[in-house]
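**Q**
Numbering (our numbering), first residue to last: 30 to 424.
Given below as structure tokens:
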């Protein structure tokens with residue numbers, strides 16, 4: 030499998046493969062398969078080509094093995110660099126295989142994707158053109174473990190978003206077009222759509238403008254969770270909200286006092302959906318504690334839905350270009366309203382509801398470097414959440 034390539038990582042892997050082949054006494058089948066997979070991945074990424082076009086039995090066996098891992102085995106992987114490398118080696122290949130096949134369906138002419146391969150993990154693999162941005166990654170081991178514990182699952186195979194992606198489109202009409210392409214062509218890529226949650230044609234009372242797909246990849250044996258939807262709606266619900274509390278005094282070692290602004294950084298969705306729902310729940314102590322704020326909280330929850338609806342209807346009727354300026358002004362006013370209301374709710378209560386005891390919440394939006402600016406637009410028992418990678422998850 031010798032190949033001339035200027036990538037030092039590929040050459041290093043290739044040298045080790047040749048070394049194994051030349052010394053039969055040290056031949057290690059598992060190491061060879063892992064190196065072979067790593068070689069295929071890096072070579073395919075550099076050449077911007079497909080990694081598999083048929084079933085890969087060795088990788089399927091690895092994925093099936095990981096699917097049977099319980100929480101303790103996953104924690105062992107998290108704490109062991111060598112085991113982490115093996116884990117990400119397998120899932121890097123599954124991520125890239127799914128990403129490339131979908132990219133090959135939706136890409137425009139001469140548009141390439143970007144990626145980072147750091148610390149054995151494929152990160153920030155992104156394709157964008159004037160109408161869409163397609164972003165995919167592997168769920169972190171911490172995120173995987175947290176979800177298994179939160180959902181009370183027994184094995185890794187019981188969660189479906191280990192490798193996942195989202196396609197943000199300029200509007201819901203473009204999202205529908207992308208979805209139709211995927212329905213038509215995924216089977217030719219050895220992919221099968223297992224589940225569809227279509228919130229464009231069947232919007233929920235409190236969430237709309239996105240289609241969630243669960244895709245089976247026959248080539249790697251993995252599932253790939255894909256979201257296709259409106260960037261305008263996504264940007265609205267992920268918009269950052271910074272809540273400033275009273276200034277606090279910090280006593281320094283030299284006896285001086287420093288005044289520091291006490292802030293909480295969150296986003297519209299976390300505040301208006303997660304926090305508000307908990308406070309409005311009469312079975313929880315927050316309801317009684319913030320009883321005088323119930324009318325305001327109900328009002329902001331209603332407006333949260335109405336702004337989504339306004340964007341949804343404007344896009345559906347091809348009027349978003351004319352209405353986006355007014356919508357953005359409404360969103361800015363809404364953020365100001367949220368800041369004034371949530372300033373009255375204790376910071377520690379918000380942190381506790383969101384499951385974060387630290388003083389600083391992570392900004393849950395997709396990293397700014399992965400965003401794209403579009404020039405031409407400026408009744409179910411599921412809850413919507415956004416994870417730390419910026420993915421809208423249906424739980």
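Here a beta-carbon is modelled for each residue, glycine too, at the ideal position from N, C-alpha and C. Note that the structure is predicted; figures quoted are calculated from it, not measured.
Within 10 angstroms of the Cβ of residue 259, are there 16 or more other Cβ atoms? Answer buried if so, exposed if not.
**A** Under this definition residue 259 is a buried residue.
**Q** Using 8 Å as the cut-off, can you tell me whether the region 206–225 makes contact with the region 132–143, which would need three or more C-beta pairs spanning the two stretches below that distance?
**A** These segments touch.
**Q** Please look up how many angstroms separate the CB atoms of residue 27 and residue 229, rounded, as I've assumed it's under 8 Å.
**A** Not covered by the structure: residue 27. The range shown for the chain is 30 to 424.
**Q** Which residues bound the alpha helix (DSSP H) around residue 107?
**A** It spans 100–107 - the alpha helix (DSSP H) in which residue 107 sits, taken as one unbroken run.
**Q** Can you tell me where the beta strand (DSSP E) holding residue 277 begins and where it ends?
**A** Element bounds for residue 277: 269–280.
**Q** How far does the beta strand (DSSP E) with residue 205 in it reach, from first residue to last?
**A** Unbroken run through residue 205 is the alpha helix (DSSP H), 201–214; no beta strand (DSSP E).
**Q** In this structure, how does DSSP classify residue 244 when only helix, strand and coil are distinguished?
**A** Strand.
**Q** Please classify residue 156: does DSSP put it in a helix, a strand, or coil?
**A** The answer is strand: DSSP assigns residue 156 an E or B state.
**Q** From the DSSP output, in three-state form, read off residue 137 for me.
**A** Correct three-state label for residue 137: coil.
**Q** Please report the distance separating the alpha-carbon of residue 155 from that of residue 138.
**A** When rounded, the distance between both Cα atoms is 16 Å.
**Q** Measuring CB to CB, does residue 248 end up less than 8 Å from residue 87?
**A** For residue 248 and residue 87, no; Cβs fall outside 8 Å.
**Q** Leaving out five residues before and five after residue 433 in sequence, what residues of the same chain have Cβ atoms less than 8 Å from its Cβ?
**A** Residue 433 falls outside the range modelled here, since the chain spans only 30 to 424, and no answer is possible.
**Q** How would you label residue 290, buried or exposed, when you count the other beta carbons within 10 angstroms and need 16 or more for buried?
**A** Counting Cβ neighbours within 10 Å, residue 290 comes out exposed, since fewer than 16 surround it.
**Q** How is the beta strand (DSSP E) around residue 258 delimited, first residue to last?
**A** Run containing residue 258: 251–259, per the beta strand (DSSP E) assignment.
**Q** List, from N- to C-terminal side, the beta strand (DSSP E) runs of 3 residues or more that fit wholly inside the region 292–322.
**A** For the region 292–322, not a single whole beta strand (DSSP E) run of length 3 or above is found.
**Q** Between which two residues does the beta strand (DSSP E) containing residue 81 stretch?
**A** Looking at the DSSP string, residue 81 is not in any beta strand (DSSP E), and its letter there is neither H nor E.
**Q** Whole-angstrom Cβ separation of residue 311 and residue 262, contact assumed at under 8 Å?
**A** Rounded, the Cβ-Cβ distance is 30 Å, inconsistent with contact.
**Q** Please classify residue 313 as buried or exposed, where buried requires at least 16 neighbouring CB atoms within 10 angstroms.
**A** The residue is exposed, with fewer than 16 neighbouring Cβ atoms inside 10 Å.
**Q** Going along the chain, which residues of its own chain have a beta-carbon closer than 8 Å to the beta-carbon of residue 112, five neighbours each way excluded?
**A** Same-chain partners within the cutoff: 105, 106.
**Q** Kindly indicate the opening and closing residues of the beta strand (DSSP E) around residue 172.
**A** Note, residue 172: premise wrong, no beta strand (DSSP E); alpha helix (DSSP H) at 170–180.
**Q** Mind checking residue 54: buried by the 16 CB within 10 Å criterion, or exposed?
**A** Confidence is the limiting factor: at residue 54 the pLDDT is only 49, short of 50, which leaves the residue's position unreliable, though a coordinate-based value still follows. Residue 54 is exposed by the Cβ-count criterion.
**Q** Quick one: grab the DSSP three-state call for residue 233.
**A** DSSP places residue 233 in coil when its eight states are reduced to three.
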